[in-house]
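These notes concern the structure reproduced below.
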Amino acid sequence: MKKLVSLFVGLLFVGIFATSVSAAEYEVKKGDTLWDIAINHHTNVEELMDINGLESFLISPKQVLKINENKIDYYIVKKGDTLSQICKNHSVGVTVASLKAWNELPSDLIITGQRLIINGPEPAQQQATKQETQETQETQETEDTSTTAHVTETEPDEVKASKNVSKTEEEEKVEGRTFSVEATAYTAYCAGCSGITSTGVNLIENPNAKVIAVDPNVIPLGTKVHVEGYGYAIAADTGGAINGHKIDVHLATKGQAYNWGRRMVEVTIVN
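This is how it looks when you write it as structure tokens:
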């Protein structure tokens, strides 16, 4: 009996392992999110967006997504880490430039607890000789005490811009009906998008427009709202995956949208 149980468990394990590495495509089901798909296929949201050309976190049922079969390795940033130190402690060929490219870092600044990809595809422009790589790392090590950005307990300005409203907006008390929603983010350049919202706002010409996609049955189009962490915005768009208490906030760049991620926020109906 024990042998049969062991055999069953072994086969079950092999089946799970095979699924995780052999699936090249995945058909989106109702209720799926990129986060769920990434977790179930041992990858990450950024990788899914990159290989499928997605500029938004919005996906639709029956949409077919490519799943990268390569295993992604991560490193959790510790206090005192620098990009150059992380490079030295990991695979040969990992450079500061490649870490920044894989993780869409706008600067050398990293944050304690941040998760970094450490084995992504090497950018073509970074295929330098071993000597050049060593010289670059030596220069960075020399400059660690002055110019290399060390891990801090505060976030870089670029991340703050996508996660937080101004101090004035945060301190201002917003009056109106308030409720919680799940908020993701998108850009005007998502695959198949025209850049024009459901109400006619041209997001390509107005990249900094404060617009959110909503379920009109919950928040009518044209409604002015205040979104925690985003500020005042107009409900001017809709989306196939935006149903019920879900919204999609518009951001100017893919990096900002990725930094926003998925979070629970308070939305206040202003008018």
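Numbering (mature numbering (1 follows the signal peptide of the UniProt record, and there is no 0)), first residue to last: -23 to -1, 1 to 248. Note that beta-carbon positions come from the ideal geometry of N, C-alpha and C, so glycine has one too. On a predicted model such as this, the values are computed, not experimentally measured, just so you know.
Shortest Cα-Cα distance from residue 10 to any of 2, 25 and 1 involves 25. For residue 207, the closest alpha carbon among the candidates 176, 175, 166 and 162 is that of 162. Listed in chain order, the non-local C-beta contacts of residue 217 below 7 Å within the same chain comprise 35 and 37, local neighbours out to five positions each way being set aside. A straight line joining the alpha-carbon of residue 92 with that of residue 74 spans about 17 Å. Of 87, 32 and 71, the smallest CA-CA separation from residue 59 is found for 87. Apart from the 5 residues on each side of it in sequence, residue 205 sits with its Cβ closer than 6 Å to the Cβ of 242 and 243 in its chain, given in chain order. Rounded to the nearest whole angstrom, the C-alpha separation of residue 181 and residue 173 is 8 Å. Fully contained in the region 20 to 68 are the following beta strand (DSSP E) runs of length 3 or more, in chain order: 41 to 43 and 51 to 53.
Of 214, 236, 213 and 203, the smallest CA-CA separation from residue 246 is found for 203. Residues of the same chain with a CB within less than 7 Å of the CB of residue 185, apart from the 5 flanking positions on each side, are 229 in chain order. The beta carbon of residue 80 sits closer than 6 Å to the beta carbons of 93 and 94 from its chain, once the five residues preceding and following it are set aside; these are given in chain order. Shown here, residue 86 sits in coil according to DSSP, grouped into three states, outside any helix or strand.
With respect to the 7 Å criterion, residue 213 and residue 176 are classified as neighbours on the basis of their beta carbons.
Here residue 65 is exposed. Its C-beta has fewer than 16 other C-beta atoms within 10 Å. About 11 Å separates the Cβ atoms of residue 4 and residue 43, ruling out a contact at the 8 Å cut-off.
Boundaries of the beta strand (DSSP E) around residue 93: 92 to 94. For the pair residue 215 and residue 240, the Cα-to-Cα distance works out to about 19 Å. Looking from the CA of residue 199, the closest CA among 190, 211 and 189 belongs to 211. Residue 45 is a Cβ neighbour of residue 28, given a cutoff of 7 Å. Residue 225: member of the beta strand (DSSP E) spanning 223 to 227, first to last residue. DSSP lists 243 as the bridge partner or partners of residue 157.
Contact annotation: residue 224 and residue 158 have beta-carbon atoms nearer than 7 Å. Residue pairing of residue 203 in beta bridges, as defined by DSSP: 209 and 245. The residue among 32, 220, 41 and 238 with its C-alpha nearest the C-alpha of residue 167 is 32.
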